[in-house]
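Here is the structure we will look at.
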Amino acid sequence: MRAAGAAGVPSPHVLHVLDAADGMGAGFIMDHVAGETIARKLLRNEEFAAVRPKLPLQVGAILARIHALQPGNLPPLPVTSARKELAHLRDAYHRDGQPRPVFELAFRWLAERAPPDPATPSLVHGDFRTGNLIVGSDGIRAVLDWELACRGDPVRDLGWFCTISWRFGAIDKPAGGFGSREELLAGYQAAGGRAVSLQQLYYWEVFGSLRWGVFCLGMRARSGNDRSLERAMIGRRASEAEIDLLHLIAPQGD
Amino acid sequence: MQDLPRPETLVAAVAAFLRAEIAPQIKGAANFQLRVAVNALELVTRQLVLAPGSDAAERQSLESLLGRTGTLDELNAALCGAIADGSAKLESRELQWHLWSTTMAKLAVDQPSYATYKRALAQDG
Chain A
2 MRAAGAAGVP SPHVLHVLDA ADGMGAGFIM DHVAGETIAR KLLRNEEFAA
52 VRPKLPLQVG AILARIHALQ PGNLPPLPVT SARKELAHLR DAYHRDGQPR
102 PVFELAFRWL AERAPPDPAT PSLVHGDFRT GNLIVGSDGI RAVLDWELAC
152 RGDPVRDLGW FCTISWRFGA IDKPAGGFGS REELLAGYQA AGGRAVSLQQ
202 LYYWEVFGSL RWGVFCLGMR ARSGNDRSLE RAMIGRRASE AEIDLLHLIA
252 PQGD
Chain B
9 MQDLPRPETL VAAVAAFLRA EIAPQIKGAA NFQLRVAVNA LELVTRQLVL
59 APGSDAAERQ SLESLLGRTG TLDELNAALC GAIADGSAKL ESRELQWHLW
109 STTMAKLAVD QPSYATYKRA LAQDG
């Protein structure tokens with residue numbers, strides 16, 4: 002987060018990183034950042050009406066800065082690729098145990114089209130979406146939740162931001178419910194990101210829906226132990242990923 | 009045979025009571041948890057009403073697709089195997105129809121207000 006902040010990514014000021022002497026586990030203390038994180042408010046409330054159209058370009062620019070961060074300046078991070086990630090997702094899907102033909106179809110579709118492993122893997126935020134951003138009336142003030150950061154294909158972050166679930170109902174505006182893919186990619190390239198085709202982006206949107214669906218299954222599995230009702234209900238959102246996957250890879254009326 | 013009212017009627021009545029009478033009296037995190045609980049009861053109500061019909065239709069469709077009989081779980085596992093080994097293909101109209109109708113039946117229970125589902129319903133109608 003400090004490295005991202007130094008590279009011009011809106012980031013909270015980190016005051017202290019916890020160590021063993023603190024006896025509080027892993028974590029850090031940051032300055033308060035005023036703003037909104039809740040997607041439904043950001044997408045619907047009048048106070049954000051002026052900032053909404055600016056967000057796709059801004060997100061593109063921020064992701065370009067994140068992806069340009071040199072690994073030498075970062076803590077060691079796992080290196081991933083589409084194939085490795087698919088294998089992890091498949092393991093989690095099999096652990097759940099329920100046969101899901103739509104997920105099978107998506108796994109096959111994604112395996113057949115998997116991009117080659119990147120020669121020089123970029124820093125990938127790993128969970129870049131509305132909900133993990135603090136937004137004010139002037140735009141994005143902070144990028145949060147770096148715990149899934151890794152090194153891999155940078156298009157994954159762009160695709161995750163466009164994944165249908167993270168449009169929070171505004172499904173006709175692919176860039177997080179705020180605007181178009183073209184604006185997002187224009188912002189990305191203008192800030193030094195590489196040229197990304199809509200087809201490459203689309204691959205990672207399909208991947209994003211499957212990733213979210215498998216994550217929902219994991220929530221159900223965990224709800225058995227702590228009996229959290231909210232988690233159990235997230236388990237019932239795997240079907241949301243299924244209809245999105247069908248919409249993407251087997252659209253009706255074709 | 010058990011007497012009336014049926015389970016779905018009772019569960020729906022509990023959900024409506026909690027939503028209308030109790031939720032307005034409860035604040036903060038407990039209110040959020042209560043709303044999740046009411047959503048869960050409403051989901052259960054929809055499943056009690058809809059699943060007998062949709063499960064029967066899914067089984068019939070799976071049997072026609074696979075040319076064999078079995079439980080829903082067995083048939084779905086068999087279809088997964090056929091997709092994984094490439095014998096059931098994405099291009100198959102019958103497979104696409106089956107997956108769309110079973111997925112629409114899931115959403116009707118799980119999340120009838122989900123945007124992709126409402127769009128697909130409107131296109132159907």
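These protein sequences, in sequence, are chains A and B. The first sequence begins at 2 in the working numbering and counts up one residue at a time. The second sequence begins at 9 in the working numbering and counts up one residue at a time. Backbone N, C-alpha and C define an ideal beta-carbon position, used for all residues, glycine too. Since this is a predicted model, take the numbers as computed values, not measurements.
I want to verify the contact list: residues of chain A whose CB lies under 7 Å from the CB of Asn39(B), in sequence order. Here residue 39(B) refers to the residue found at position 31 of the second sequence. Simply none; closest approach about 13 Å.
Check whether the Cβ of Arg127(B) lies closer than 8 Å to any Cβ atom in chain C. Annotation note: the requested chain C is absent from the structure, which comprises protein chains A and B.
List the residues of chain A that Thr77(B) touches, going by C-beta distances under 7 Å, in chain order. Position 69 of the second sequence, counting from 1, holds the residue named residue 77(B). Within 7 Å Cβ-Cβ: nothing; Thr77(B) doesn't reach chain A, min ~16 Å.
Within 8 Å, do at least three Cβ pairs link the segment 101-119 of chain A to the segment 133-144 of chain A? no
What residues in its chain sit with their C-beta under 7 Å from that of Ala27(A), if we drop five residues either side in the sequence? On the first sequence, residue 27(A) is found 26 positions in, with the first residue counted as 1. Close CB contacts of Ala27(A) within its chain, under the 7 Å cut and outside five residues either way in sequence, are with Leu19 (chain order).
For Ala65(B) and Ile39(A), I'd like the C-alpha separation in whole angstroms. Your numbering for residue 65(B) matches position 57 in the second sequence. Your numbering for residue 39(A) matches position 38 in the first sequence. The straight-line gap from Cα to Cα measures roughly 39 Å.
Can we say the segment 95-109 of chain A touches the segment 3-13 of chain A, given the rule of at least three CB pairs closer than 8 Å? no
CA-CA distance, His106(B) and Tyr94(A)? Residue mapping note: residue 106(B) aligns to position 98 of the second sequence, counting from 1. Residue mapping note: residue 94(A) aligns to position 93 of the first sequence, counting from 1. Rounded to the nearest angstrom, the two C-alpha atoms are 21 Å apart.
If you compare alpha carbons, which of Ala233(A), His68(A), Leu230(A), Cys163(A) is closest to Tyr204(A)? To locate residue 204(A), count along the first sequence from 1; it is residue 203. It is Cys163(A).
Under DSSP, the alpha helix (DSSP H) around Phe29(A) begins and ends at which residues? Counting from 1 along the first sequence, the entry for residue 29(A) is found at position 28. Careful: Phe29(A) lies outside any alpha helix (DSSP H), inside the beta strand (DSSP E) at 29-31.
Cα separation between Lys35(B) and Gly61(B)? As a working note, residue 35(B) is residue 27 in the second sequence. As a working note, residue 61(B) is residue 53 in the second sequence. Whole-angstrom Cα-Cα distance: 39 Å.
Is there at least one Cβ from chain A nearer than 8 Å to Asp81(B)'s Cβ? On the second sequence, position 73 is the one that residue 81(B) refers to. Chain A contact via Cβ: present.
For the alpha helix (DSSP H) containing Val52(B), list its first residue and its last residue. Here residue 52(B) refers to the residue found at position 44 of the second sequence. Per DSSP, Val52(B) belongs to the alpha helix (DSSP H) from 36-74.
May I ask which residues mark the beginning and end of the alpha helix (DSSP H) holding Val60(A)? Reading the first sequence from its first residue, position 59 is the one you call residue 60(A). 56-68 is the extent of the alpha helix (DSSP H) around Val60(A).
Glu37(A) - partner residues in DSSP beta bridges: The count along the first sequence starts at 1 and reaches residue 37(A) at position 36. Bridge partners of Glu37(A): Val136(A).
For Gln68(B) and Leu64(A), what's the separation of their Cα atoms in angstroms? Residue numbering aside, residue 68(B) sits at position 60 when the second sequence is read from its first letter. Residue numbering aside, residue 64(A) sits at position 63 when the first sequence is read from its first letter. Going by the C-alpha atoms only, they are around 48 Å apart.
Please name the residue or residues paired with Gly180(A) in a DSSP beta bridge. As a working mapping, residue 180(A) is identified with position 179 in the first sequence. Looking at the DSSP assignment, Gly180(A) forms a beta bridge with Ala176(A).
So the candidates are Ser12(A), Glu243(A), Phe129(A), Phe208(A); which of them puts its Cα closest to the Cα of Val34(A)? Here residue 34(A) corresponds to residue number 33 of the first sequence, with the count starting at 1. The residue with the shortest Cα to Cα distance from Val34(A) is Ser12(A).
By the criterion of Cβ-Cβ separation under 9 Å, what are the contact partners of Gly170(A) in chain B? Numbered from 1 along the first sequence, position 169 holds the residue referred to as residue 170(A). Ser121, Tyr122, Ala123, listed in chain order.
For Met234(A), return the contacting residues in chain B, with the cut-off set at a CB-CB distance below 7 Å. Residue mapping note: residue 234(A) aligns to position 233 of the first sequence, counting from 1. Within chain B, the residues near Met234(A) are Val44, Asn47, Ala48.
Nearest by alpha-carbon distance to Ala251(A): which of Val52(B), Val57(B), Gln104(B) is it? Indexing the first sequence from 1 puts residue 251(A) at position 250. When only C-alpha atoms are compared, the closest one is Gln104(B).
Going by beta carbon distance, what residues of the same chain come within less than 6 Å of Tyr125(B), once the five residues before and after it are set aside? Stepping through the second sequence from its first residue, residue 125(B) is reached at position 117. The answer, listed in chain order, is Leu115.
At a cut of 8 Å, does the segment 78-94 of chain A reach the segment 228-243 of chain A through at least three beta carbon pairs? no
Using a Cβ cut-off of 8 Å, pull out every chain B residue sitting near Arg182(A), in sequence order please. Stepping through the first sequence from its first residue, residue 182(A) is reached at position 181. Going along chain B, no residue has its Cβ under 8 Å from Arg182(A), so there is no contact; the nearest lies around 17 Å.
Check whether the Cβ atoms of Val215(A) and Leu249(A) lie closer than 8 Å to each other. Here residue 215(A) refers to the residue found at position 214 when the first sequence is read from its first residue. Here residue 249(A) refers to the residue found at position 248 when the first sequence is read from its first residue. No, these two residues do not count as a Cβ contact at 8 Å.
I'd like to check one pair, Phe49(A) with Val136(A): are the Cβ atoms closer than 8 Å? What you label residue 136(A) is simply residue 135 of the first sequence in a count that begins at 1. What you label residue 49(A) is simply residue 48 of the first sequence in a count that begins at 1. Taking the C-beta atoms as reference points, Phe49(A) is found nearer than 8 Å to Val136(A).
So for Ser121(B), helix, strand or coil by DSSP? Indexing the second sequence from 1 puts residue 121(B) at position 113. Note: Ser121(B) maps to coil in three-state DSSP.
Helix, strand or coil for Ala143(A)? Go by DSSP, reduced to three states. Position 142 of the first sequence, counted from the first residue, corresponds to residue 143(A). Ala143(A) falls in the strand class under three-state DSSP.
Looking at the strands, I want to know which residues DSSP matches up with His106(B). Numbered from its first residue, the second sequence carries residue 106(B) at position 98. DSSP lists no partner for His106(B).
Step through the CB atoms of chain B and report whether any lies within less than 8 Å of the CB of Val103(A). Here residue 103(A) refers to the residue found at position 102 when the first sequence is read from its first residue. Answer yes: the Cβ-Cβ gap between Val103(A) and chain B drops below 8 Å somewhere.
I'd like to know whether the C-beta atoms of Pro122(A) and Val156(A) end up nearer to each other than 8 Å. The residue you call residue 122(A) lines up with position 121 of the first sequence. The residue you call residue 156(A) lines up with position 155 of the first sequence. No.
May I have the straight-line CA-CA distance separating Ile165(A) from Pro119(A), to the nearest angstrom? Stepping through the first sequence from its first residue, residue 165(A) is reached at position 164. Stepping through the first sequence from its first residue, residue 119(A) is reached at position 118. Cα to Cα, Ile165(A) sits roughly 25 Å from Pro119(A).
According to DSSP, simplified to helix, strand and coil, what is Pro210(A)? Here residue 210(A) refers to the residue found at position 209 of the first sequence. The sequence given here places Ser at residue 210(A); Pro does not occur at that position. Ser210(A) sits in a helix when the DSSP states are folded into three classes.
Within 8 Å, strictly: CB atoms of Ala192(A) and Gly61(A): As a working note, residue 192(A) is residue 191 in the first sequence. As a working note, residue 61(A) is residue 60 in the first sequence. In contact: Ala192(A) and Gly61(A) (Cβ atoms closer than 8 Å).
Return the residues of the segment 21-34 of chain B that lie within a Cβ-Cβ distance of less than 7 Å from chain A, sorted by chain order. none
Counting along the chain, where does the alpha helix (DSSP H) carrying Gly236(A) start and finish? Start at 1 with the first residue of the first sequence, and residue 236(A) comes out as number 235. Run containing Gly236(A): 230-236, per the alpha helix (DSSP H) assignment.
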